[in-house]
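In this text, residue positions in the sequence shown follow the numbering used here: the first is 1, and each later residue adds one.
Built from N, CA and C at the ideal position, the CB exists for glycine as well.
Since the structure is predicted, the reported quantities are computational estimates derived from the model, not experimental observations.
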Amino acid sequence: MKGITLALISTALFTIVGVFVRQLSTDYDTFQILFFRQLIFMLLLLPAIRKNIGVLLKPNKISLHLLRILGAFTALYFGFISVSNIPFSDATALGFLQVLFVALIAHFVLVEQITSSRIFTIVVGFIGVMTVVRPTFASHNLYVLSGVIAALGASVAVVCVRKVAQSEPKITLMAYQALAIGLMTLIPTLYLWRTPTVEDFMLLLLVGIISSFAQYVGISAYKWVQANIIANVEYVKIIYSLIIGLVVFSEIPDLWSMIGALIILISALIPLIWSHYQTTKEDSPKC
């Protein structure tokens with residue numbers, strides 16, 4: 001329950017970040033937006049880095065850290081490109097491919113069990129997403145491919161976090177990613193630099209702050225529940241998108257969107273109900 005709740009919060013915050021990124025992408029290159037995100041993230045982490053410098057200099061499972069950083073960079077960069085160049089609903093739909101990728105990778109790499117009920121919730125959630133967005137993907141083949149690559153990168157990062165989070169503190173996971181991706185985007189940012197306006201700087205600041213907190217909450221979630229269960233919670237992102245569209249952009253969802261949102265909600269509630277049932281069953285006195 002705790003892990004799923006944290007995942008819901010993290011997903012909501014990342015959805016808000018996606019809206020800001022889409023707005024900023026009309027004037028700034030993806031590398032610059034990503035660099036600001038990582039720079040702010042690094043500044044926020046400095047006090048914790050100084051306090052835990054000894055731990056940071058002695059990492060465990062370096063290969064998994066490197067793989068996770070590569071996956072995170074791929075997910076962030078190609079995800080920003082996708083959300084900036086195709087309809088928001090289409091980009092959101094592509095992001096849910098992560099659920100399928102995580103289920104497969106977690107099964108073969110982490111040996112996490114994928115039961116028939118888990119497969120059912122994944123399929124139902126995906127059907128709900130497609131019912132809401134009914135994506136066309138017309139004439140956007142390159143950006144659709146970017147979305148697929150982003151989903152694959154995110155799934156690799158998610159599985160690595162699940163594995164590393166069992167033996168490493170959260171500060172190690174966050175600091176390594178913030179520094180590594182920041183350095184990877186530095187040179188392209190200097191080459192493509194465009195001085196932001198005061199309003200855009202505030203948006204860039206919000207992207208960094210909100211995504212940093214979202215990442216902290218998301219990493220915390222993986223300490224409490226399996227990777228493929230948290231990935232299934234990601235489906236709720238489409239409901240957040242519908243709410244943001246209604247409140248911010250005055251976009252009223254149609255009947256199909258409401259039906260799809262209900263299907264998604266049911267798919268997200270299934271693991272909660274099942275978890276509660278299992279806990280109740282284990283705690284009940286045995287004859």
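DSSP places Pro188 within a helical segment (H, G or I) once states are collapsed to three. When the alpha-carbon of Pro47 is set against those of Ser250, Thr5 and Ala175, the nearest one is in Ala175. Between Gln32 and Thr189, the beta carbon gap of about 5 angstroms places them in contact (Cβ cut-off 8 angstroms). Following the DSSP letters along the chain, one finds Phe96 in no alpha helix (DSSP H), marked with neither H nor E. Straight across, the Cα-Cα distance linking Ile40 with Val129 is about 32 angstroms. With a cutoff of 7 angstroms on beta-carbon distance, Ala180 and Ile53 are scored as not near each other. Look at Tyr28 here: in three-state DSSP terms it is coil, with no helix or strand label. Beyond the five residues adjoining it in sequence on each side, Leu13 comes within less than 8 angstroms, by CB distance, of Ile210, Ser211, Phe213, Ala214 and Val217 in the same chain, given in chain order.
C-alpha of Val124 to C-alpha of Val144: approximately 22 angstroms in a straight line. Contact check for Ala106 against Val159 passes: the beta carbons are separated by less than 7 angstroms.
In this model, Ile263 and Gly3 are separated by some 22 angstroms (Cα to Cα). Annotation: the continuous alpha helix (DSSP H) that includes Leu203 extends over Val198 to Ala221.
For Asn85, the uninterrupted alpha helix (DSSP H) segment begins and ends at Ile62 to Asn85. Ranked by Cα distance from Phe96, the options Leu186, Gln166, Val55 and Gly79 are led by Gly79. In the structure shown, the three-state DSSP call for Pro47 is helix. Contact between Gly71 and Gly153 holds: CB atoms are separated by about 5 angstroms, below the 8 angstroms threshold.
From the listed residues Thr26, Ala7 and Phe35, the smallest Cα separation to Tyr191 is found for Phe35. The beta carbon of Asn60 sits closer than 7 angstroms to the beta carbons of Ser167 and Glu168 from its chain, once the five residues preceding and following it are set aside; these are given in chain order. Approximately 6 angstroms separates the beta-carbon atoms of Val161 and Ile219; this is inside 8 angstroms, confirming the contact. About 20 angstroms separates the Cβ atoms of Thr5 and Ile244, ruling out a contact at the 8 angstroms cut-off.
In terms of Cβ geometry, Ala103 and Ile122 form a close pair [threshold 7 angstroms].
With a cutoff of 7 angstroms on beta-carbon distance, Ala150 and Ala75 are scored as near each other.
Counted as a single uninterrupted DSSP element, the stretch harbouring Leu57 is not any alpha helix (DSSP H), since DSSP gives it neither H nor E.
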